[in-house]
Every structure is written in C-alpha cells, then in structure tokens.
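Peer 1: Here's a structure for you.
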Amino acid sequence: MNPELARVLVLFAVSLFAGLLLLGWLREDAGIPLDARRRARRLFLAKLDRRQRLSWLFRRRFDVRGSAGRRYTIASYRPFNISTGDAVFCVQVNGRIPVYDKLLAQKLLIEADESLFLAHANMRTHSRAWETLAAAARSQHLMLGNLH
Amino acid sequence: MDRSKTHVVRILDRTGDTRVSYDPADAEAVRDVEARFARLMNDSFIAFDVSTQPGRIITRFDPSATEIIVSPRFAGG
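If you want it as structure tokens, here you go:
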C-alpha cells in the first residue's frame with residue numbers, strides 16, 4: 003500500500019475513534035446543563051488527593067484503595083470503567099446526574115465499603131478468587147437488605 | 030455567607046450538587062436537615078460521611094459530620 007495513503011487511513015481511524023469517545027462522553031451527559039457539569043467537575047477534583055488529581059488530569063484515570071485494602075483504577079465513566087490487574091467491574095450510578103458526580107460516587111463507594119461495591123458490581127474476570135469474593139459480598143449484603 | 034453554618038450536606042443531582050449548609054448548634058436547622066436526609070434515604074439514596082478520609086456509609090443522619098455527600102443508588106452495569 004502507498005505509505006501516504008496508509009498514513010491518512012491511520013489518521014482517519016484515530017480521529018474516528020477519538021470522535022466516538024467524545025460522542026459517548028457527551029451522550030452520557032446529554033441534557034445536563036453546562037454549569038452543572040462544571041460544578042460537578044469542581045467537586046470531583048476537590049475530593050481527589052494530589053496524586054489522584056494529577057493522574058486524572060494527565061491520564062483520565064486514577065487509583066483508589068478500597069476499604070479492604072485492594073487497589074482499583076477508575077477511568078472515564080462508561081460501562082466497566084473500574085479495573086484491577088485481573089478483573090474489570092461495572093457499577094452504574096442511577097439518575098440523571100453529571101458524569102463527574104458519578105465518578106465521585108464510584109470512588110466514595112469503593113473507599114467506604116468495598117464489599118458493597120463488589121456486591122453491586124457486574125464483573126468480568128478469569129480469576130476464581132474474584133468470583134468467590136463477589137459472591138460472598140452479594141450474599142452478605144442481600145441478607146443485610148443493602149441490595150435493591 | 031453565614032460563618033456559623035460549618036456543616037454541609039451535598040446532594041448529587043442534576044444541578045451538580047445541592048448544598049445544604051447548617052449550624053450544628055441550631056436545633057431547628059438540624060431537624061430540617063435530618064428530615065430531608067430521611068426523605069432521601071427513603072428514596073433509596075446512599076450517604077457518605079466524608080468528614081474523615083476515607084469516608085464511611087451512613088444510613089442515619091449524623092449532625093456531628095462536617096460533610097456528607099448523598100448520591101443516587103448504584104446498580105450493576
């Protein structure tokens with residue numbers, strides 16, 4: 003293939019990918035007033051520590067330590083945006099609220115009650131250990147009436 | 030801004046967040062915030078006391094908490 007054509011095609015593909023990502027982000031926040039989004043962003047950034055804030059600003063992801071000590075990475079809000087080395091998790095925040103509020107809520111949940119996070123989460127993993135952990139968390143919180 | 034209103038409940042909502050500030054020494058204000066908090070809990074919201082790091086989940090209003098963030102519920106994706 004002509005190298006010039008290949009370069010144009012790669013550039014096109016990258017632009018398309020970036021555009022689709024941006025579109026997904028906008029759709030999630032569709033209908034939310036701009037000042038509300040800004041307000042949510044300010045609160046979200048204020049609740050990150052310095053390291054998390056820098057990580058978010060430069061990499062659009064940050065690490066949080068769960069209440070039971072495990073480390074998770076939270077990326078831009080979308081399905082399965084929370085990960086560890088060997089598993090990805092999906093926890094949606096209900097309601098039409100800005101995306102930054104949803105990210106903050108995910109962070110607070112993991113830090114405050116990792117077990118409740120695991121009970122809520124839809125998970126993809128090949129690790130039997132995570133499956134066992136999540137099943138135990140679900141049973142526990144079902145008994146406590148914490149799952150709706 | 031009223032400097033005696035040292036405590037705040039932030040309710041995550043469509044506006045970003047609604048801030049309810051109150052003076053913990055003002056019994057009437059505390060009662061009002063407590064009633065609002067109870068309504069949110071009945072509506073299946075979840076509350077985090079973030080006065081300390083890390084925060085903790087609370088199901089009953091704690092007037093001594095300097096900052097509470099109330100979020101809509103979670104669901105598996």
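Here the protein sequences line up with chains A and B, keeping their order.
Anchor point for the first sequence: position 113 equals 115 in our numbering, and the numbering is continuous, going up by one each time.
Anchor point for the second sequence: position 59 equals 88 in our numbering, and the numbering is continuous, going up by one each time.
For glycine and all other residues, C-beta sits at the position ideal for the given N, C-alpha and C.
All of these numbers come straight from a predicted model, not from anything done at the bench.
Among the candidates A:Asp65, A:Phe91 and A:Ile99, whose CA atom is the shortest distance from the CA of B:Glu46?
Peer 2: Here residue 46 of chain B is Asp; the residue named in the question, Glu, does not match the sequence. Among A:Asp65, A:Phe91 and A:Ile99, the Cα nearest to that of B:Asp46 is on A:Ile99.
Peer 1: In the DSSP assignment, the alpha helix (DSSP H) including A:Ser141 goes from what residue to what residue?
Peer 2: Arg130 to Leu146
Peer 1: With 8 Å as the threshold, decide whether the Cβ of A:Pro5 is near any Cβ in chain B.
Peer 2: no
Peer 1: In angstroms with no decimal places, state the Cα-to-Cα distance between A:Ser85 and A:Arg63.
Peer 2: 10 Å
Peer 1: So, at 6 Å on beta carbons, what are the nonlocal neighbours of A:Arg126 in its own chain, with the 5 sequence-adjacent residues on each side left out?
Peer 2: Val90
Peer 1: Can you check which of these residues, A:Arg72, A:Met3 and A:Val66, is closest to A:Arg53 by C-alpha distance?
Peer 2: Checking every option, the nearest Cα to that of A:Arg53 belongs to A:Val66.
Peer 1: Pick helix, strand or coil for B:Phe74, following the three-state DSSP scheme.
Peer 2: Note: B:Phe74 maps to coil in three-state DSSP.
Peer 1: Where are the beta strand (DSSP E) runs, 3 residues long or more, that stay fully inside the stretch 65-113 of chain A, in chain order?
Peer 2: 73-77 and 89-95
Peer 1: Would you decide whether B:Asp78 is buried or exposed? Buried here means 16 or more other CB atoms lie within 10 Å of its CB.
Peer 2: buried
Peer 1: So with CB distances below 9 Å, who are the chain A contacts of B:Leu41?
Peer 2: Chain A residues near B:Leu41: Ala42, Leu45, Val95, Gly97, Ile99, Pro100, Asp103, Lys104, Leu106 and Ala107.
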